[in-house]
Structures are given as structure tokens and as C-alpha cells.
Amino acid sequence: ADVRPYIYETLVKRVEVKKLPKDLTDISDLLRKMLDEYGRELIRMGFMSPARPMSKKYLLQIQSDLQTRLRNNERTTYVYRGMVVQSICMKILHGMLLVETQGMTPFKAYVRSLKDEMFGDSPSKSTKELIKRDEFVKAVKLASESKVEHPKISRVMGLASQMLSEHPESKVMVFAQFRDMCDLLVKKLSALENAKVEKLIGQADGGLKQREQIQLLDRFRKGEVNIVVSTSVGEEGLDVSSTDMVIFYEPVPDAIRMIQRRGRTGRKNDGEVFVMVALNTMDEAFESASAKKEERMREMLSSLNYELSRIKRNTVSRGQMTLGDFS
């Protein structure tokens, strides 16, 4: 009872985005059409099971199987074609992920990276084939002409704005997987009244050095910054002890990362965690994967606790001394 005032709850709330703008769904449909076609090719070649849905994890397994064939000197046109098709599927799947769960700006950035590769020194066969596809050309044209963004952005802005309006001293952390999305969120959130926004990203690819990360978080603690938009770097050992609200721009597939991020709130005051989920998109698949992993972890912990209790009971019943006897 004595510690109750110092224990605060972290409430997790699911924020559903029920419908995507037509431009995003049209692009997703074009990409899906290509993905289905290349998936059928992998099935015909015997590299993919028709009974198993395509996913990044499955495609990586197919890649590993094909690489094993090559190492075993099965260097046939058939296997090489399988490698190209697998790579195309990975690229399409990533494009769909960006369109469905991130928005138009990250998708456009991805298209630029593919075009940069295409006109670089050594473009891959998969990129050359993909970029020339009619469906891909149409998708890129749609994206270039569109002004829409993912509706999750406005939901994030609404939550952050309400928090700062009702509690001016509050601090908000927003997590997003992709740097392009972080940049866009910083730009959008900076337009909010009383918002002092900074970005927390890792050291790779010209990101923040560890000293700069610590300095940013120090400004956050002091209230000089009240919104931090972060990639995964915010999880690993960088203490953020007084966050009032955490917003996930997308569900985090890795259950451990989800738990680490949840720990950012509720340490010094009641905190809330909001998870953005675009319905009927890959967001729901990631959310389901995260929930299943957490459930498995809980089952393992429960089983371990039961086993430890059983061992302790058996040890005591045999009259053996335990560490507790010395305390």
C-alpha cells in the first residue's frame, strides 16, 4: 500500500484508421496485381507453396533456399530467374508496405531510390524489370500527381495537439520505423501551436552521434523540447523517464521492442500509449504478429514461474537448506 502512489499505469489504446484515400488504394492495387503475378511464377517454378501466403519472412526463406541451390552448383537459368523474381517480390512488398502504412511521401522517396539505382553504375535485374512494368509506371504517375498523405498523420497531429493544449508541460514521443516518415512527422508536428519538435535517429547514415542523442534527450527532460520523433534508437538504453504520451505511427512487429517502447511512459506519471492501425493493411498483420509474440512470452514466463515454484517446493519438502535459510 505504501508504494501505490508511485505506481502509474500505462494505458495502451488502438487508434483505427478505417479507410485510406483512393490514391493510396489505387497504387496498392497496382502493386498487388504485380505481386500476385510474380507469386504465381514462383509457384509454377516450385520455389513457393500455393498454400502459404507471401510475406517478407517467407520471401527471405525462398532467397536462402535459392542461394543454397547456387552453392550446390545448381547454376541454372531456372534458379537465376527465381532469384530475380524473389527480389522483385521483395521490392513490390516493400512498396506496398510504404503505401498502406506510411503514406505517399515515403513511397515517393522509395521510387526515387529505385530510379537512382536504375540509372547508376550497376542496377540489378530485378530493379530494371520492375521499373519498366506498366503497373509500376502507372503507380509512379499516380504518386507524382497526388497531394494526399496517409490519414494516420492527421491522427498523430491531433493527439499531440490535444495533449499540448490540455497539458502545456507535457512531453510526447512519436515512434516511426522509417526515416523519411520521421522527417515528415517532424515537419507536420512543428506546425502545431507550442510544439518544440526534434528528431532522434541512430548514428548510421549520417544520423545523430551518441553524444548528440544524449544532449537532445536532456533538452527533452528539461522541457526545451516537448515532442521527440524517434526511430528505434529510442529503445536501446537511452533513458526517457518522464514521457506523458507515446504514439506508435505503426504497430511494432517485434514484441520485445514494443515492450521496451511502452516502458518510456508511466515512470513518473500516468502515461498513454497510442498505436496507429490502418485497417485492412499490413499494419494489422504486424499488430497480430506482435500480439502473438507477447502471448508466447507470457506463456513462457508463466511456465517458468510454475517450474521454479515446483522445484522450490520439492527442495524444501526434502529438508534441504535454501538461500532463504541464511537470510
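So that you can map any letter, position 326 of the sequence shown is 1343 in the numbering used here, and since no number is skipped, the others follow by simple counting.
Here a beta-carbon is modelled for each residue, glycine too, at the ideal position from N, C-alpha and C.
Straight-line CA distance for residue i to residue j?
i     : j     : result
A1272 : V1173 : Low per-residue confidence applies at A1272: pLDDT is 44, beneath 50, and the placement is therefore not dependable, though the value from the model is reported in the following sentence. Roughly 22 Å between the two C-alpha positions.
T1248 : K1329 : 43 Å
K1073 : I1105 : 12 Å
K1169 : E1152 : 26 Å
E1117 : N1331 : 54 Å
V1246 : C1199 : 6 Å
M1314 : T1298 : 25 Å
K1125 : S1319 : 46 Å
E1324 : K1310 : 21 Å
P1067 : S1045 : 22 Å
N1089 : G1063 : 18 Å
Q1232 : V1269 : 26 Å
D1342 : V1242 : Summary for D1342: the model assigns pLDDT 48, below 50, so the residue's position carries little reliability; its value from the coordinates is reported in the next sentence. Distance between the alpha carbons of D1342 and V1242: 52 Å.
P1038 : V1214 : 27 Å
A1156 : P1185 : 42 Å
G1056 : V1032 : 32 Å
A1212 : Y1095 : 56 Å
V1165 : R1092 : 46 Å
L1181 : A1193 : 20 Å
K1145 : L1321 : 52 Å
L1296 : H1167 : 12 Å
M1107 : Q1227 : 32 Å
E1345 : R1196 : Because residue 1345 is not part of the residues shown, which for the chain are 1018 to 1344, the question remains open.
D1138 : R1061 : 33 Å
L1209 : E1183 : 13 Å
R1327 : S1130 : 57 Å
G1288 : M1071 : 37 Å
L1087 : L1077 : 15 Å
S1081 : K1036 : 36 Å
Got a sec? Which residues, its chain only, sit under 6 Å from residue i by beta carbon, not counting five neighbours each side?
i     : result
K1142 : V1101
G1254 : Residue placement at G1254 is flagged as unreliable, the pLDDT there being 48, under the threshold of 50; the coordinate-derived value follows with that caveat. Closer than 6 Å at the Cβ level, and outside the excluded window around G1254, lies no residue.
E1316 : none
V1029 : V1290
V1292 : R1031, F1265 and P1268
P1140 : E1134
List the whole-angstrom C-beta distance separating residue i from residue j, where the pair is believed to meet the contact cut-off of C-beta under 8 Å.
i     : j     : result
V1034 : V1263 : Contact flag wrong, Cβ pair sits at about 18 Å.
L1048 : M1113 : 5 Å
L1234 : L1225 : Contact doesn't hold; Cβ gap of about 10 Å is too wide.
M1190 : T1260 : 5 Å
L1110 : L1041 : Their Cβ separation, rounded to whole angstroms, is 16 Å, which puts L1110 and L1041 out of contact at 8 Å.
Q1237 : K1188 : With the sequence shown as reference, residue 1237 is identified as Phe, and Gln is not the correct amino acid for it. Their Cβ separation, rounded to whole angstroms, is 6 Å, which keeps F1237 and K1188 in contact under 8 Å.
I1244 : A1177 : 6 Å
For residue i, collect the residues of the same chain with a Cβ closer than 8 Å to its Cβ; drop the 5 residues on either side in sequence, then sort them by chain order.
i     : result
K1132 : I1148
I1079 : L1059, F1064, M1065, G1099 and Q1103
L1083 : F1064, V1096, G1099, M1100 and Q1103
G1240 : E1186 and K1188
Determine the extent of the beta strand (DSSP E) in which residue i is found, giving its start and end residues.
i     : result
V1214 : V1214 to L1217
A1177 : Per DSSP, A1177 belongs to no beta strand (DSSP E); it is in the alpha helix (DSSP H), P1168 to E1183.
V1294 : G1288 to A1295
S1139 : Here S1139 belongs to no beta strand (DSSP E), and DSSP marks it neither H nor E.
V1191 : V1189 to F1192
V1242 : Careful: V1242 lies outside any beta strand (DSSP E) and carries neither H nor E.
Could you give the residue range of the alpha helix (DSSP H) that holds residue i?
i     : result
Q1068 : Residue identity check: residue 1068 is Ala in the sequence provided, not Gln. Note, A1068: premise wrong, no alpha helix (DSSP H); not H, not E.
F1124 : M1121 to M1135
V1157 : D1151 to E1162
V1096 : T1094 to L1114
G1056 : K1039 to R1061
F1237 : Q1227 to K1239
V1263 : Run containing V1263: none in the alpha helix (DSSP H); it sits in the beta strand (DSSP E), M1262 to F1265.
S1081 : K1073 to R1088
V1203 : R1196 to L1206
Within the same chain, show all residues whose beta-carbon is closer than 7 Å to that of residue i, passing over the 5 residues directly before and after it, in chain order.
i     : result
D1043 : L1159
R1069 : Y1075
E1128 : First, the residue type needs correcting, since residue 1128 is Val and not Glu in the sequence shown. Closer than 7 Å at Cβ, skipping near neighbours: V1157 and A1160.
R1150 : M1051
Does the beta carbon of residue i fall short of 7 Å from some heavy atom of the ligand HEM?
i     : result
A1306 : By its list of ligands, the structure shown contains no ligand whatsoever, and the ligand HEM lies outside what it can speak to.
Would residue i pass as an interface residue toward chain B - the criterion being a Cβ-Cβ separation below 8 Å?
i     : result
Y1266 : Absent from the structure: chain B. Only one protein chain is present.
Item to check | Stretch-stretch touch, CB-based, cutoff 8 Å, three pairs: the segment 1117-1130 with the segment 1150-1167 | outcome: yes
Checklist entry - How do the segment 1173-1188 and the segment 1201-1211 stand: do at least 3 beta-carbon pairs fall below 8 Å, yes or no? => result yes
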